[in-house]
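Using UniProt numbering, the first residue of the sequence shown is number 1, and each one after it goes up by one.
From the three backbone atoms N, C-alpha and C, an ideal C-beta is built for every residue, glycine too.
This structure is a prediction, so every number in the text was calculated from the model and none was measured.
First comes the structure, then the notes that go with it.
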Amino acid sequence: MTIAVRFPDGSVRNIPAQLKEIPNPASPDGQPGFERVPLNCDPVWRFQRVGDDWYATPRSGSLSLLKPILPEWWRTVRHMNMDDGTPRARKQRQSQGRGPIDTAA
Numbered sequence: 001m002t003i004a005v006r007f008p009d010g011s012v013r014n015i016p017a018q019l020k021e022i023p024n025p026a027s028p029d030g031q032p033g034f035e036r037v038p039l040n041c042d043p044v045w046r047f048q049r050v051g052d053d054w055y056a057t058p059r060s061g062s063l064s065l066l067k068p069i070l071p072e073w074w075r076t077v078r079h080m081n082m083d084d085g086t087p088r089a090r091k092q093r094q095s096q097g098r099g100p101i102d103t104a105a
């Protein structure tokens, strides 16, 4: 589903849209109405309504990368951090029918 949006250069483009519920003040218990609204997910353009028409305006500011404050929860679990070279992996290899490795040779 798309909606027509006018851009600053005068062109009209079809932008992805969503249905947004609008309450009906005349009958609060009745069925709500719906309207098509552009998705504001474009990093360059922001969409604003003027009357019945939609217009694109450039976004101002800059995007920043969000960094997690805390480390991932699973890093605190000892067994989740083990690699193939850990003692747990050696124990699994021994339990799969291989005997202990003779280091005296």
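Through-space distance from residue j to residue i, alpha-carbon basis
i	j	result
P8	L66	31 angstroms
F47	D29	31 angstroms
T2	S60	24 angstroms
S27	W45	36 angstroms
P71	S62	26 angstroms
C41	R13	15 angstroms
L39	W73	33 angstroms
E35	A17	10 angstroms
R49	P58	14 angstroms
V37	H79	48 angstroms
R75	I69	14 angstroms
One or two residues paired with residue i in a DSSP bridge
i	result
R75	Paired residue(s): none; R75 is not in a bridge.
G33	I22
Reduced DSSP secondary structure (H/G/I, E/B, other) of residue i
i	result
A48	According to the sequence shown, residue 48 is Gln rather than Ala. Of the three classes helix, strand and coil, the one that applies to Q48 here is strand, per DSSP.
L19	strand
A56	strand
residue 143	Because the chain here runs from 1 to 105, residue 143 falls outside it and cannot be looked at.
N40	coil
Any contact of the region 20-29 with the region 50-57, i.e. 3+ C-beta pairs under 8 angstroms?
no
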